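Which chain is which? The protein sequence lines are H and B, in order.
Under this note's numbering, think of the first position of the first sequence as 149, with each following residue one higher.
Under this note's numbering, think of the first position of the second sequence as 23, with each following residue one higher.
Where is the CB? At the ideal position from N, CA and C, for every residue including glycine.
Everything numeric in this text was worked out from a predicted model, so none of it was measured.
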Amino acid sequence: MSDFSSRGLPTGFVDPSRQSRIPKAERITRSQVAALAGISLAAILFQVYVPRFLTFLAYLELPLLVTVYFSLMRRSPVTGILLGASIGLMQDALTPHQPLGMFGIVKTLVGFFAASFSQRFDLENSAVRLILSCFFFFFHQFFYWVLDRALLGETLSFAPGQTIVLAVLNAVVAVPLFRVLDRLHLG
Amino acid sequence: MDFFLNRYRSLTALLLAILAQLALLSYQIKSNHEVRLIRVWAVTAITPVARLLEGGRGSTVHFFEDYFWLLGVRQQNRQLQSDLDRIKMENQYLRAQLDTADRGRELAIFQAGSPSKTVAARIIGNTNGVGNNVVIIDRGAASGLQNGMAVITPNGIAGKVIDVYPTASYVRLITDPSFAAGVVSQQHHVHGTLRGQGSSTPSVEYIQNEDPVDPGEWFYTSGDDLIFPKGLPVGTVSAVRNGKARKEVALTPSGLVNGLEVVLIVVDGVHQDIPPVAPSGQSVHLQPPASGEPDGPIDTSSNASGPLTTDADRMIDQYRRLGEAQKHVFGERGAGAPNFNAPVPDVISPKDQPSDGKSGHGP
Chain H
149 MSDFSSRGLP
159 TGFVDPSRQS
169 RIPKAERITR
179 SQVAALAGIS
189 LAAILFQVYV
199 PRFLTFLAYL
209 ELPLLVTVYF
219 SLMRRSPVTG
229 ILLGASIGLM
239 QDALTPHQPL
249 GMFGIVKTLV
259 GFFAASFSQR
269 FDLENSAVRL
279 ILSCFFFFFH
289 QFFYWVLDRA
299 LLGETLSFAP
309 GQTIVLAVLN
319 AVVAVPLFRV
329 LDRLHLG
Chain B
23 MDFFLNRYRS
33 LTALLLAILA
43 QLALLSYQIK
53 SNHEVRLIRV
63 WAVTAITPVA
73 RLLEGGRGST
83 VHFFEDYFWL
93 LGVRQQNRQL
103 QSDLDRIKME
113 NQYLRAQLDT
123 ADRGRELAIF
133 QAGSPSKTVA
143 ARIIGNTNGV
153 GNNVVIIDRG
163 AASGLQNGMA
173 VITPNGIAGK
183 VIDVYPTASY
193 VRLITDPSFA
203 AGVVSQQHHV
213 HGTLRGQGSS
223 TPSVEYIQNE
233 DPVDPGEWFY
243 TSGDDLIFPK
253 GLPVGTVSAV
263 RNGKARKEVA
273 LTPSGLVNGL
283 EVVLIVVDGV
293 HQDIPPVAPS
303 GQSVHLQPPA
313 SGEPDGPIDT
323 SSNASGPLTT
333 DADRMIDQYR
343 RLGEAQKHVF
353 GERGAGAPNF
363 NAPVPDVISP
373 KDQPSDGKSG
383 HGP
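Here's what the structure looks like:
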């Protein structure tokens, strides 16, 4: 494994063996849990409340970005799963006429995969953050559409072009948002 | 089993989470029942914060709305204040116009009743200089004016023409230090010389201490100066006292009492007797206009075409008909003056009366 040091990897990739030596999930404190819960709640609240007055911000999937951020920075798939499921279920609960579990399953998957990917990327790089945010937004929307059709039998339309544009917009917001969250040292 | 769970802990957790949520979904879809408890928790967790946010937002919005509304009120108040100022100025202007119209009518009546031939002129400017009381009028040589002509108002003398130009003239007012005119008192017929003092009260000089002059006594022009026709009111004595050799008499001029806007230049003066009694108020009472008659300013130089209700109207009409008979256009440059002693032609019906208003000044 030492032959595959970071020198031999392309930019943005780090040695997974080095990353695995940092068990951040085990070092999470109560204050961090409270802050994590508070930020997640704020993100959901933003999603519910702000588009009422600023409709152009409805495209912003802040709960997803928070899920991605914490899953990436905690680097723990279990934490990502729990966080994704919690945020997703909360979002489901606040969405009228929507069965609980739709957002929950999608965000659980996002949390898991984000945490899994985090072990292979240099997450301090803004370009990596941008690409990952973009990717997970598209994944989230696509998988929600699949679940909606498969489980609920709904005929929800899926526009890839529009989804990509929204993914880019969300990713553009995600980069500075992640920088702000970095300063809170919650990752 | 433990090994499997430890080795694939993440995957196991994922599967459990997914399966649990799938089961939840299946339950909801199959039973068509909502899991109310989770929704209650979620709403309960969100509601207080949302209420706080909404309260803060509402207060902020109301504050800014009120603030900007007050800004609007302030601006509206400023606008209204500006409108009020403008309307006040318009009102003042209209009052001045009305006043001018009254004076014009008064002047026309006086002009028609005076035996002297006069030309109406409007004061269009003042000249600069300390104590220098010279004004500019809008009549000049083209209207028949010459140097030394007397300038009067219905209330008394006002000054004399000192410089004549084709379309304008300078008039030295009786308050100017260089002004002089022969005057005579009404009661005791004491002769003197009116002198301007540079202030609003000219004096009468060259009156011996022995000559009787009473305060409040009227002075009239004596005609000695060959400028002012005899018998025009000059003013009343405001103060009198004996000096070293002669009396010091201060006069309140009657010709300037209402300010100067329109004056009459005596182009052909006629001497009159000194009236035995003091003029009982120089202002002329004017009846309100008849219904239907426009209540606007009357141009003293225009031809009246309405019904001839007063002596002044008849006099103006007579002069107008004289002008028409002699093909004279009043106010035309170099036209001089018509022969006012010529026989008056027959009355022209009101329909035939011209109303082109070409005449620059009334007779």
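Buried or exposed by the 16-neighbour rule on C-beta atoms within 10 Å, applied to residue i
i: residue 89 of chain B; result: exposed
i: residue 6 of chain B; result: Residue numbering for chain B in the displayed model covers 23 to 385; residue 6 of chain B lies beyond these limits and cannot be assessed.
i: residue 180 of chain B; result: buried
i: residue 137 of chain B; result: exposed
i: residue 174 of chain B; result: buried
i: residue 142 of chain B; result: buried
i: residue 204 of chain B; result: buried
i: residue 240 of chain B; result: buried
i: residue 307 of chain H; result: exposed
i: residue 337 of chain B; result: buried
i: residue 176 of chain B; result: buried
i: residue 367 of chain B; result: exposed
i: residue 267 of chain H; result: buried
i: residue 302 of chain H; result: exposed
Interface partners of residue i on chain H, CB under 9 Å
i: residue 32 of chain B; result: 224, 225, 226, 228, 229, 260, 263 and 264
i: residue 65 of chain B; result: 241 and 242
i: residue 44 of chain B; result: 249, 253 and 299
Min CB distance residue i to chain H below 8 Å
i: residue 29 of chain B; result: no
i: residue 93 of chain B; result: no
i: residue 68 of chain B; result: yes
i: residue 109 of chain B; result: no
i: residue 35 of chain B; result: yes
i: residue 96 of chain B; result: no
i: residue 47 of chain B; result: yes
N-terminal and C-terminal residue of the beta strand (DSSP E) that residue i is part of
i: residue 214 of chain B; result: 213-217
i: residue 272 of chain B; result: 269-275
i: residue 278 of chain B; result: Counting along the chain, residue 278 of chain B falls outside any beta strand (DSSP E), and DSSP gives it neither H nor E.
i: residue 185 of chain B; result: 178-186
i: residue 204 of chain B; result: 202-207
i: residue 263 of chain B; result: 255-264
i: residue 139 of chain B; result: 139-148
i: residue 359 of chain B; result: Taken as a continuous stretch (DSSP letters only), residue 359 of chain B belongs to no beta strand (DSSP E), as it is neither H nor E.
i: residue 203 of chain H; result: Per DSSP, residue 203 of chain H belongs to no beta strand (DSSP E) and is neither H nor E.
i: residue 1 of chain B; result: Outside the shown range of chain B, which is 23 to 385, sits residue 1 of chain B, and nothing can be said about it.
i: residue 194 of chain B; result: 191-195
i: residue 290 of chain B; result: 284-290
Partner residues on chain B for residue i, Cβ-Cβ distance less than 7 Å
i: residue 197 of chain H; result: 72 and 75
Chain B within 8 Å of residue i, Cβ atoms only
i: residue 141 of chain H; result: Nothing can be reported for residue 141 of chain H, as the shown portion of chain H is limited to 149 through 335.
i: residue 203 of chain H; result: no
i: residue 247 of chain H; result: yes
i: residue 193 of chain H; result: yes
i: residue 169 of chain H; result: Note on residue 169 of chain H: pLDDT 49, under 50, position unreliable in the model; the coordinate value appears next. Answer no: the Cβ-Cβ gap between residue 169 of chain H and chain B never drops below 8 Å.
i: residue 241 of chain H; result: yes
i: residue 233 of chain H; result: yes
i: residue 237 of chain H; result: yes
i: residue 215 of chain H; result: no
i: residue 311 of chain H; result: no
i: residue 189 of chain H; result: yes
i: residue 256 of chain H; result: yes
i: residue 333 of chain H; result: no
Cross-chain neighbours of residue i in chain B, by beta carbon under 8 Å
i: residue 221 of chain H; result: Chain B residues near residue 221 of chain H: none, gap ~16 Å exceeds 8 Å.
i: residue 304 of chain H; result: By Cβ distance, chain B contributes nothing, its closest Cβ being about 16 Å from residue 304 of chain H, past 8 Å.
Beta-carbon neighbours of residue i, restricted to chain H and to distances below 8 Å
i: residue 102 of chain B; result: In chain order: nothing, as chain H lies at least about 34 Å away.
i: residue 51 of chain B; result: 247, 299 and 300
Bounding residues of the alpha helix (DSSP H) (the contiguous stretch that carries residue i)
i: residue 12 of chain B; result: Residue 12 of chain B lies beyond the range of chain B shown here (23 to 385); nothing can be said about it.
i: residue 35 of chain B; result: 31-53
i: residue 178 of chain H; result: 178-197
i: residue 330 of chain H; result: 308-331
Proximity test, Cβ basis, 8 Å: residue i and chain C
i: residue 116 of chain B; result: No chain C appears in the structure shown, which is made up of the protein chains H and B.
In chain order, each alpha helix (DSSP H) run of at least 4 residues that lies wholly inside the region 211-286 of chain H = Correct list: 225-241 and 250-266.
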